[in-house]
Structures are given as structure tokens and as C-alpha cells.
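Novice: What follows is a structure written as C-alpha cells; I'll ask about it next.
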Amino acid sequence: MKTILKFTGYLFAVLITLVIAIVIVLKLIPDTQYKDWITSAAQSATGRDFSIESLELDFGTALRVRADKVRMANADWAKQAEMLQVDRLEADFGLLSLLEGKADIRAVVERAEVLSENNADGISNWAMGSGKPAQEAEKPEEGSGEFTGLPLEPFIREIRIDDFKLTQLAGPEADPKVIKLKQLLIETPEKDTTLTLSADLDGRPVTLDGNFGNMAMFLDKASEPLQLTGDINGNQLKVSGNWGPLFPKQIMEVDLALNIPATTQLAELVGLSIEEFEDINVTGKIIGDGSKFALDPLVVNLDDPTVKLSINGSIDDLTSLSGIHIATDANTEFLKTLLQQLGIELATELPPEIELSANVNGGLDDLALSEFVVVARDEGMEIKATTSIGDLLNMHKIKLNVTGEIDSLSSLSKYAQTELPQTDPLKLNATLTEEPSTKPELTLHAETGGATVDITSALESLALPEQIELNVSIKAASMTDFNKLAQTEFPDKGPLDLNAKLQLQKTNITVNDLNLKLDKQSATGNLSLKLPEEEAQPTVINGKLDIAYLNLNHFLPEPVEEPAAEAES
121 MKTILKFTGY
131 LFAVLITLVI
141 AIVIVLKLIP
151 DTQYKDWITS
161 AAQSATGRDF
171 SIESLELDFG
181 TALRVRADKV
191 RMANADWAKQ
201 AEMLQVDRLE
211 ADFGLLSLLE
221 GKADIRAVVE
231 RAEVLSENNA
241 DGISNWAMGS
251 GKPAQEAEKP
261 EEGSGEFTGL
271 PLEPFIREIR
281 IDDFKLTQLA
291 GPEADPKVIK
301 LKQLLIETPE
311 KDTTLTLSAD
321 LDGRPVTLDG
331 NFGNMAMFLD
341 KASEPLQLTG
351 DINGNQLKVS
361 GNWGPLFPKQ
371 IMEVDLALNI
381 PATTQLAELV
391 GLSIEEFEDI
401 NVTGKIIGDG
411 SKFALDPLVV
421 NLDDPTVKLS
431 INGSIDDLTS
441 LSGIHIATDA
451 NTEFLKTLLQ
461 QLGIELATEL
471 PPEIELSANV
481 NGGLDDLALS
491 EFVVVARDEG
501 MEIKATTSIG
511 DLLNMHKIKL
521 NVTGEIDSLS
531 SLSKYAQTEL
541 PQTDPLKLNA
551 TLTEEPSTKP
561 ELTLHAETGG
571 ATVDITSALE
581 SLALPEQIEL
591 NVSIKAASMT
601 DFNKLAQTEF
611 PDKGPLDLNA
621 KLQLQKTNIT
631 VNDLNLKLDK
641 QSATGNLSLK
651 LPEEEAQPTV
661 INGKLDIAYL
671 NLNHFLPEPV
681 EEPAAEAES
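Residue numbers for the sequence shown, in the working numbering: 121 to 689.
Set out below in C-alpha cells:
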């Protein structure tokens, strides 16, 4: 045992002597030599000019580095000469702490400017060498390595960045976006690591304060409390919960709360321009279970004095933005206000009662609108439209269904901005379907009185075409079924069965394969109508009818007999 202790003592003494010798040797090397080595290595690695005005290194209980006036040249194609400027860079790394298994770190950056820009080909000035994207490294097989903990326990004594400026240019003609970091301070005054942030995003102030808990614990040992509060351009952010350990699998359960006093404050931050809605509250919970991060639930409530809106949803995987589920509903007042805010003026008024609901599901590659429902109600009217879009990103797999019940066409007078006749109740059902491999198909069925109208069409596209082809079928038990619609009295003759193919153009209507039957009468043929382009021009009708037997009086209103005049006394 004494031999072992003696050997251990000798070994420790040798190690101490070796460390002291290395430190002495390192101290004997002048700082200018270190500066030359560092600049040469940086230039070789990046292919860019790299310079340090002065460099100081101190080897003792800690390795201390101080560099002044650090500069890196920009890409050859860039207008600005330098893409990195740092007035002062300081870093301390505790050497004695290594013997305790700790990584004691201190770093300070003062007055730094970074330029990030892309050229016309989309290549970044930070792409060193050829600028071509690097090949993706092979991913290790899951479970190929076993995590046994971090080799050193991290201890952040201080990380401080003062007066940092990042300028981003998406292209040669793009407007610059500037992020100014007045101060970022991460330190561990006692047990917990704290954060203080003061920044400016394109002129919008951002502040953030809070603590991460014990960093040595939440990284790879245990869960720690997380508390953050901030102000983002007047929008209040609060983050609270528990996180950790983050290695080898990320465990997290954190509540998020964001209060937006007015949408203009948030819109300015993200570069949008919309009018003001007040008092929006966003809440959510981020859950990390080791394999993915999920946001469940996500709740957005708009509590504006004029309108109310609620959105509920979740995201199954935040990393890939897949498994998106969003449901919302709105009302007439919200739609009116939203249209006003967007500067959209309607030619007619909206119904007094509108209900709107929507459900969005999927991910970035397969986002779908599973159901979008609009119900409009007014006195004597209810119309419901249901839409689904299977491929929301490419606007394919569309299905639209509209159903409606109207007591009389006169109920629509204020929306048509003309006086419509008092008619029998009207029921309608219309469907539009679209698949990538087929033409969009339209079907319409309407009933009023004893008459029915069916229309089908295969459209060239969903865009407004120059020509529309329709298959039309009209059936009625008697011509009197059209009395209220035409505001006249037809003879009581029937049944009526009419079928035709219509081609509708801007100034032409073509009727092909006309087949008309009324009781025992029938007619077939083709017609074309040229509509007037100006009011003074007549409507021109050309065509041919083959009539087996047709009494036109059956299609004309019955004559009204005038009362005989009284004889003079």
C-alpha cells in the first residue's frame, strides 16, 4: 500500500512538474508568434485575409486571450471590404478547474459588426472556398453510440456581448435588415445561470430576462426550472416550465404566453402592414419527449372591442413542422372588420349572421384544408358552403359544396341591388371538384315550385375561362310552375322536359342538341345568340329547329280579358 501511495505521489509530482514546464515554455513564446500562427491558420482555412492588430495570451491558473481589432475580408464579389469587425475579444478558460472536471468559461465581445449577404446566385459571403454547399455527412445509426454524460461540467462564469450589429442582405437589390444587440449577458452569479438581453430588430426594441436553472444539471443530469420574461416591440412574452436533461435526449415541458396589445406592433416586427386589432393572447405548451418537440395546445384569442376570434391547434413535430392541426371560427362582425382593415370594399352588404370555421392539418409537404365552412343567414335565407383542399400548397384536390334554402328570390334583392320577384321557395345544391389528373367538374341542382334545374360542366381550369360549356336539364310538371318566377300566367300544360348543351362566351351563346318536350309536343335543333356589345345593337338569333308538333301558345302567357265597357245610360 505504501508503495502504491509513494508511486502515486511521484506520478502527481511529475504531472505538476510537466504542467509547470509546459506553461513556462508557452510563456517563453512571444505573443506576436501566436498572432502569426492564428492569422495564418485562419487564412488557410477560409481563403480570406484575416488580421489581428494586437494579441495577448496569459498562461497561469487560467488561459486568458485578448485580441484587439479583429478583421476578416469579405468575398471577392461583395461591395463592402470586410464582413467581420471585432474591436475587442476576451476569453478566459480555467485550467485548474479541469482537475475538478469543470469547464470554467468567460468570454467578452465588444463592438462587433457582422455582414451576411447573398449574391445574385444565392451564394453567401460566409461560404468559404468554392462557395458550393458541402456534402452532407453520413448520419450515424441510431443507437450506434452510448451517451455516458458530458466529459466536463460546464460553468459559465460570464458570456457578454456589448454593441453587436448584424446586417443581412438577401440579395444585391434587397433592403438591409439590421439587428443591433446592445447587450447579451449570460452569467452564473450563484447556482443558476441567468440571461439578460437588450436588442433592436430593425428599430423595434427587444428585452429578455430570466434564468435557466443549474446548467450543470439540466444539460445531462436532471430537470431544472426555466423562467423568462420579455418585451418584443411592446408585446409581452413569458416562458415558464421545466427543461432537461437535454442530453442524450431532449426532455422539456414549457408553457408559453404572448400578449399582443395591438397587431400593428407585431406586424412591424415581422415586416407586414395591416391595420390594428387589439388585445391578442397566445398560449401554448412545448413538450419534448426525447424524440421530438410538440406544441400542444396552441390557443390564440382575439379580444378586440369590435370583433372576437378564437384559434385552437397543435403541432405534433416542431422540428419538421409536421402534424399541424388548426381550428378556428369567426362571425360577421369579424369578417366586416377584417375586410375593412384589408382595404377591400364589397359591392354589396354582408348577411347579418355569418359563421365561419376552418380546420387545417398536415405538415409543410402535405398541408391540407380538411374543412372550411361558411354559413350565411338572413331573414328567409340560409346558405352553407363547405370547402376542402387536399393539397393546400399546390391548390389541388379541391372540393366545394354549396347548399341553400331561400324562401323567395325577393330575399336576395338587397344583395343583388335590384328588385327580385316574389317566388316559390328555392333549394339549391352545387358541387365543384378538382383533381390533378382530371378537369374540374361542376354540378348544380336547383328546385323551385314543381320545377327542377340540373347543370353539369367539365371546366378547363379553375381560372375564369373564355368559354364555358354546360349541360342543362330543366323539368317541370306544368308550365304554371314558372308563373311566380316569370311573374306571369302560363297555361296549365305539361310535363316539360328540356335538355341542351350550352356554350357561353362573352357575346355569344350557342345552344346545341336542344331537345324539348311538352306533353305530346317536341322540338329539336341548334341555336346561336349573338348578344349586343352596345345598348343600341340588337340581339341576333340564328339556328334551326325540327318541330314534330309545337303549339307556341302553350309557352306564352294566357291573354287577359279586359272587362266590357258599361253602356251609356
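The beta carbon of each residue, even a glycine, is placed where N, CA and C say it ideally should be.
1. State the start and end residues of the unbroken alpha helix (DSSP H) segment that holds residue 551.
2. Give the DSSP-derived three-state secondary structure of residue 518 in the structure shown.
3. Assuming the contact rule is C-beta atoms closer than 8 Å, residue 563 and residue 576 should be a hit. Round their C-beta distance to whole Å, please.
4. Roughly how many angstroms separate the alpha carbons of residue 215 and residue 309, rounded to a whole number?
5. Return yes when the Cβ of residue 509 is within less than 8 Å of the Cβ of residue 488, no when it is not.
6. Quick one: is residue 305 near chain B, going by C-beta distance under 8 Å?
7. Kindly give me the distance between the Cβ atoms of residue 201 and residue 193, rounded to whole angstroms, as I take these residues to be in contact under 8 Å.
8. Using DSSP with H/G/I as helix, E/B as strand and the rest coil, what is residue 384?
9. Classify residue 338 as helix, strand or coil using the three-state DSSP reduction.
10. For residue 656, does the count of other Cβ atoms within 10 angstroms reach 16, so buried, or fall short, so exposed?
11. For residue 253, count neighbouring C-beta atoms within 10 Å of its own C-beta (all shown protein chains included) and say buried if the count is 16 or more, exposed if not.
12. Cβ atoms of residue 151 and residue 175: under 8 Å apart, would you say?
13. Below 8 Å on the Cβ atoms is my contact criterion, and I expect residue 198 with residue 245 to pass it. Report the Cβ-Cβ distance as a whole number of Å.
14. Whole angstroms are fine: how far does the CA of residue 303 sit from the CA of residue 451?
15. May I ask you to report which of helix, strand or coil DSSP gives residue 197?
16. To the nearest angstrom, how far is the alpha carbon of residue 534 from that of residue 605?
17. Based on the DSSP secondary-structure assignment, which residues constitute the bridge partners of residue 327?
18. Under the three-state reduction of DSSP, which class applies to residue 511: helix, strand or coil?
19. What does a CB cutoff of less than 7 Å around residue 658 pick up in its chain, not counting 5 residues either side in sequence?
20. Between the C-alpha atoms of residue 537 and residue 465, what's the straight-line distance to the nearest angstrom?
21. Name the DSSP bridge partner or partners of residue 421?
22. Is it right to say residue 515 is buried, meaning 16 or more other beta carbons lie within 10 angstroms of its own, or is it exposed?
23. Let me check understanding here. Comparing Cα to Cα, which of 288, 328, 572 and 603 lies closest to residue 315?
24. Are the stretch 274-287 and the stretch 218-235 touching by the rule of at least three beta carbon pairs closer than 8 Å?
25. Kindly identify the DSSP beta-bridge partner or partners of residue 657.
26. Going by DSSP in three states, residue 71 sits in which element: helix, strand or coil?
27. Mapping the DSSP letters down to three states, classify residue 152 as helix, strand or coil.
28. Just to confirm, is the Cβ distance from residue 358 to residue 410 under 8 Å?
29. Would residue 477 and residue 500 be called neighbours here (beta carbons separated by less than 8 Å)?
30. Report the partner residues of residue 186 according to the DSSP bridge assignment.
31. Let me know the beta strand (DSSP E) ranges lying completely inside the stretch 442-489, each 3 residues or longer, listed in chain order.
32. For residue 212, count neighbouring C-beta atoms within 10 Å of its own C-beta (all shown protein chains included) and say buried if the count is 16 or more, exposed if not.
33. Can you check which of these residues, 287, 429, 339 and 609, is closest to residue 367 by C-alpha distance?
34. Tell me whether residue 606 sits in a helix, a strand or coil according to DSSP, three-state version.
35. Taking buried to mean at least 16 other C-beta atoms within 10 Å of its own C-beta, is residue 355 buried or exposed?
36. Going by DSSP in three states, residue 534 sits in which element: helix, strand or coil?
Specialist: So, from the data block:
1. First-last for residue 551: 546-554, but that is the beta strand (DSSP E), not the alpha helix (DSSP H).
2. For residue 518, the secondary structure class from DSSP, reduced to helix, strand or coil, is strand.
3. The beta-carbon distance between residue 563 and residue 576, rounded to whole angstroms, is 5 Å. This is short enough to meet the 8 Å contact definition.
4. Rounded to whole angstroms, residue 215 to residue 309 spans 20 Å at the Cα level.
5. yes
6. Absent from the structure is chain B; it holds one protein chain and no more.
7. 7 Å
8. helix
9. helix
10. exposed
11. Model confidence at residue 253 stands at a pLDDT of 48, short of 50, so the residue's coordinates are unreliable and nothing is read from them.
12. yes
13. 5 Å
14. If you take the alpha carbons of residue 451 and residue 303, they lie about 45 Å apart.
15. coil
16. When rounded, the separation of the alpha-carbon atoms in residue 534 and residue 605 is 18 Å.
17. In the DSSP output, where bridge partners are listed per residue, residue 327 has 318 and 351.
18. strand
19. 652
20. 15 Å
21. 401 and 430
22. Label assigned to residue 515: exposed.
23. 328
24. yes
25. Note: residue 657 sits in no beta bridge, so no partner.
26. The requested residue 71 does not occur in the structure, where the chain is confined to residues 121 to 689.
27. helix
28. With contacts defined by Cβ atoms closer than 8 Å, residue 358 and residue 410 do not form a contacting pair.
29. no
30. Looking at the DSSP assignment, residue 186 forms a beta bridge with 176 and 210.
31. The DSSP assignment places complete beta strand (DSSP E) segments of no fewer than 3 residues inside the stretch 442-489 at 442-451 and 473-482, in order along the chain.
32. buried
33. 339
34. helix
35. buried
36. helix
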